[in-house]
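A.B. asks: Residue numbers (the numbering used here): 411 to 637. Dropping the structure in here first, questions after.
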């Protein structure tokens, strides 16, 4: 009877362990993604400024996304830990500035942040809780000033065209790591600088070289629109 009890207990513990592993999900690195608001807005879809007003003309956070070395990524890992704005109440001011939503209709950013946590953040719970996840992204943004890095290299958000390689070289020099550049298309059909990806280790504290880049590519010459 006792051995049967132990057998049931062990099976129960194994089930619990497997459920924890499924929730935490393993991953190899993060993509830290920042977007240029001028390129988000200068498309046929356009944009809407947040309810707090027009953001500063600076790169803003899009997300901190767990990824794997083979190019795959986990998502929506823990429906039992949904976004809770009360857990980041002390970060709201910084997030409105550094992580604004430009989607329409105008919003206070909560739906954007909720999406990022529920889809991506829950997959990093093995190292970051909700507050830690958003704080880590804010800290990473402060480590590398992308706009100043580009300006130092003579690359200005003035609607001019720049070579893709010069943009990559400038960010590599400024950050110490090779970026991946994502483009989108403006209303005239021109390729423009949209997002810059840098890779971060699983602690979400240190930049690292990317083991793999997303698919897609920009043209050799891309515009950098004003905002």
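Glycine included, every Cβ here is placed at the ideal spot set by N, Cα and C. Since we're looking at a predicted model, the values are computed, not measured.
Given a cut-off of 8 Å on the beta-carbon distance, is the pair residue 538 and residue 546 in contact?
C.D. replies: Sequence index remark: in the chain shown, residue 538 carries index 128 (1-based). Sequence index remark: in the chain shown, residue 546 carries index 136 (1-based). For residue 538 and residue 546, yes; Cβs fall inside 8 Å.
A.B. asks: If you check the beta carbons only, do residue 566 and residue 522 fall under 8 Å apart?
C.D. replies: To locate residue 566, count along the chain shown from 1; it is residue 156. To locate residue 522, count along the chain shown from 1; it is residue 112. Not a contact, by the Cβ cut-off of 8 Å.
A.B. asks: In the structure shown, what three-state DSSP assignment does residue 624 receive?
C.D. replies: By one-based count along the chain shown, residue 624 stands at place 214. Here residue 624 sits in coil by DSSP.
A.B. asks: Among residues of its own chain, excluding the 5 on either side of residue 432, which ones have a beta-carbon nearer than 7 Å to its beta-carbon?
C.D. replies: The residue labelled residue 432 in the question sits at position 22 within the chain shown. Annotation note: pLDDT 44 at residue 432 (below 50); position unreliable, coordinate value reported separately. Nothing meets the Cβ criterion.
A.B. asks: What's the call for residue 461, buried or exposed, on a 16-neighbour Cβ count within 10 Å?
C.D. replies: Start at 1 with the first residue of the chain shown, and residue 461 comes out as number 51. With fewer than 16 other Cβ atoms within 10 Å, it is exposed.
A.B. asks: Determine the direct distance from the alpha carbon of residue 590 to that of residue 596, and round the result to whole angstroms.
C.D. replies: Against the chain shown, residue 596 aligns to sequence position 186. Against the chain shown, residue 590 aligns to sequence position 180. So the alpha carbons of these two residues sit roughly 20 Å apart.
A.B. asks: Tell whether a beta-carbon distance below 8 Å holds between residue 474 and residue 587.
C.D. replies: By one-based count along the chain shown, residue 474 stands at place 64. By one-based count along the chain shown, residue 587 stands at place 177. Not closer than 8 Å, so no.
A.B. asks: Looking only at its chain, what residues have a beta carbon closer than 7 Å to the beta carbon of residue 517, apart from the 5 residues adjacent to it on each side?
C.D. replies: Numbered from its first residue, the chain shown carries residue 517 at position 107. Here the set comprises 460, 461 and 511.
A.B. asks: Would you tell me roughly how many angstroms separate the C-alpha atoms of residue 514 and residue 458, rounded to the nearest one?
C.D. replies: Counted from its first residue, the chain shown places residue 514 at position 104. Counted from its first residue, the chain shown places residue 458 at position 48. Each residue's alpha carbon lies about 5 Å from the other.
A.B. asks: By Cβ distance below 6 Å, which residues in the same chain neighbour residue 582 in space, the five residues on each side in sequence not counted?
C.D. replies: If you number the chain shown from 1, residue 582 lands on position 172. Once the five neighbours on either side are set aside, the close Cβ partners of residue 582 are 588.
A.B. asks: Specify, as a first and last residue, the run of the alpha helix (DSSP H) that residue 532 falls within.
C.D. replies: Position 122 of the chain shown, counted from the start, is the residue given in the question as residue 532. No alpha helix (DSSP H) holds residue 532; DSSP gives it neither H nor E.
A.B. asks: State the Cα-Cα distance for the pair residue 439 and residue 611, rounded to the nearest angstrom.
C.D. replies: If you number the chain shown from 1, residue 439 lands on position 29. If you number the chain shown from 1, residue 611 lands on position 201. Answer to the nearest angstrom: the Cα atoms are 5 Å apart.
A.B. asks: Once the 5 residues before and after residue 429 are set aside, which same chain residues still bring their CB inside 8 Å of it?
C.D. replies: Looking up residue 429 in the chain shown gives position 19. In this prediction, residue 429 scores a pLDDT of 42, lower than 50, which makes its location untrustworthy; the coordinate-derived value is nonetheless stated afterwards. Nothing meets the Cβ criterion.
A.B. asks: Quick check on residue 477: does DSSP put it in helix, strand or coil?
C.D. replies: In the chain shown, residue 477 corresponds to position 67, counting from 1. Reduced to three states, the DSSP call for residue 477 is strand.
A.B. asks: How many Å lie between residue 609 and residue 497 at the Cα?
C.D. replies: Within the chain shown, numbered from 1, the residue matching residue 609 stands at position 199. Within the chain shown, numbered from 1, the residue matching residue 497 stands at position 87. The alpha-carbon atoms of residue 609 and residue 497 are separated by roughly 26 Å.
A.B. asks: Please classify residue 607: does DSSP put it in a helix, a strand, or coil?
C.D. replies: Numbered from its first residue, the chain shown carries residue 607 at position 197. Residue 607: strand per DSSP, three-state reduction.
A.B. asks: Look up residue 406 in the DSSP assignment and say whether it is helix, strand or coil.
C.D. replies: Absent from the structure is residue 406, since the part of the chain shown begins at 411 and ends at 637.
A.B. asks: Look at the alpha carbon of residue 570 and the alpha carbon of residue 562, and state the distance between them as a whole number of angstroms.
C.D. replies: Here residue 570 corresponds to residue number 160 of the chain shown, with the count starting at 1. Here residue 562 corresponds to residue number 152 of the chain shown, with the count starting at 1. Approximately 16 Å between the Cα atoms of the pair.
A.B. asks: Express the C-alpha separation of residue 541 and residue 483 in angstroms, rounding to a whole number.
C.D. replies: As a working note, residue 483 is residue 73 in the chain shown. As a working note, residue 541 is residue 131 in the chain shown. If I take the Cα positions, the gap works out to 22 Å.
A.B. asks: Looking at the secondary structure, which residues open and close the alpha helix (DSSP H) in which residue 576 lies?
C.D. replies: As a first step, residue 576 must be located in the chain shown, where it is residue number 166. Element bounds for residue 576: 574-585.
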